[in-house]
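Asks: The following block contains the structure, expressed as structure tokens.
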Amino acid sequence: MKELLKPVFRSILSKREIVLFLICMIYPLITALVSIFQAGIASYAEGEQISFIMFWQIIVHTQWQLTIPTLLLSYSVMSVFRNEISSKRLFLFKDIEKPLIFKAKIYNLMKILGIFIIGTFITSFICYYVFMLPHNYISGHFFPSSPKSLSHHLLIILARIAVYVIVILLVANLSIRYNVAASVLGGVLFMLFSNVAPQLSLGKFLFPTGYAELGGSTLFAVFGLIFISGVYCCTFYYLGMRAFEKIEY
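Here the sequence shown is numbered in numbering that gives the first Met the number 0, starting from 0 and rising by one per residue.
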């Protein structure tokens, strides 16, 4: 398994769509240079100064709403599975058990997502303390003053990350079974439904993002977010693994 991880990671990282997805990490720096984005960030203040954690949450939220990162991520996952199946390149791994290949691909896609999240955090940190700090709506503090506000912002960030993880597993499952359009569309639609879930009376309980906006008990929101994310992840991972095992070289 360990011998398989490095070559698979290099193969994934060499893909153009993966590079484009990782370029989205510089989005916070763009917000610092474009005045219209700065005005949008200021509108989130609502009478209180913006801490770094709140700023990071705003960046994650607005970056996510652009749809571009999700579209690139979905296309990247599709290319890792569907393109290699169609081109018969999986024949090169014919001596390796299929579950190991599937696990290596998923693990490295999650690794790419981890790089994206850490990169976005770093660029947000640079943007906040280098470019945004002079503005009067920026507090300069790392954490918000209220523990409730801190838990709210962290829940929103966690929910967005959970959706990215689910999208990877969903698109991996779809790309093994269906064509390019269906696979990418499935990932984007899941993100869009997750985006509107907090506004739905019952639908919000079906997506991680709905629990981030519940209010009330933070413990219940965390438990619900982890539970529903776990259900999606386990289901799509299992279905993807089963489908991958049936592929013929």
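Just so you know, even glycine gets a beta-carbon here, dropped at the ideal spot from N, CA and C.
State yes or no: is the C-beta of F101 within less than 7 Å of the C-beta of M240?
Replies: Locating residue 101 in the sequence shown gives position 102, where the first residue counts as 1. Locating residue 240 in the sequence shown gives position 241, where the first residue counts as 1. For F101 and M240, yes; Cβs fall inside 7 Å.
Asks: Candidates P68, F54, T66, R9: which alpha carbon is nearest Y127's?
Replies: The residue given as residue 127 occupies position 128 in the sequence shown. Nearest of P68, F54, T66, R9 to Y127, Cα basis: F54.
Asks: Are the Cβ atoms of M190 and T119 separated by less than 7 Å?
Replies: Within the sequence shown, the letter at position 191 stands for residue 190. Within the sequence shown, the letter at position 120 stands for residue 119. Their beta carbons are not under 7 Å apart, which means M190 does not touch T119 by this criterion.
Asks: Determine the contact status of I52 and H152, defining contact as a CB-CB distance below 7 Å.
Replies: To locate residue 52, count along the sequence shown from 1; it is residue 53. To locate residue 152, count along the sequence shown from 1; it is residue 153. Yes. Within cutoff.
Asks: Whose C-alpha, out of W63, A211, V170, is nearest the C-alpha of C232?
Replies: Against the sequence shown, residue 232 aligns to sequence position 233. If we check each option's Cα against that of C232, V170 comes out closest.
Asks: Can you name, in chain order, every residue of its own chain whose Cβ lies under 6 Å from the Cβ of E212, other than the five neighbours on each side?
Replies: Counting from one through the sequence shown, the residue named residue 212 turns up at place 213. Answer for E212: P197, listed in chain order.
Asks: Apart from the five residues on each side of it in sequence, which residues of its chain come closer than 7 Å, Cβ to Cβ, to G185?
Replies: Position 186 of the sequence shown, counted from the first residue, corresponds to residue 185. L169, V170, L173, listed in sequence order.
Asks: Is L72 closer than 7 Å to F20 when the C-beta atoms are compared?
Replies: By 1-based counting over the sequence shown, the position of residue 20 is 21. By 1-based counting over the sequence shown, the position of residue 72 is 73. Closer than 7 Å, so yes.
Asks: Helix or strand or just coil, what does DSSP make of I246?
Replies: The count along the sequence shown starts at 1 and reaches residue 246 at position 247. Here I246 sits in coil by DSSP.
Asks: Using only alpha-carbon positions, find the residue among I57, A103, A242, T208 that is nearest to L157.
Replies: Your numbering for residue 157 matches position 158 in the sequence shown. Of I57, A103, A242, T208, the residue nearest in Cα terms is T208.
Asks: For S123, which residues from the same chain have a beta carbon less than 7 Å from its beta carbon, with the 5 sequence-adjacent residues on both sides left out?
Replies: Walking along the sequence shown from the start, residue 123 turns up at place 124. Correct list, in chain order: P27, F54, W55, I58.
Asks: Between K110 and F8, which are expected to be in contact by the criterion C-beta below 8 Å, what is the C-beta distance as a whole number of angstroms?
Replies: Within the sequence shown, residue 110 is the residue found at index 111, counting from 1. Within the sequence shown, residue 8 is the residue found at index 9, counting from 1. Indeed, because the Cβ distance is near 7 Å, the residues count as touching under 8 Å.
Asks: Assuming contact is defined by CB atoms lying nearer than 7 Å, are A103 and L4 in contact in what I supplied?
Replies: By 1-based counting over the sequence shown, the position of residue 103 is 104. By 1-based counting over the sequence shown, the position of residue 4 is 5. The answer is yes: Cβ separation under 7 Å.
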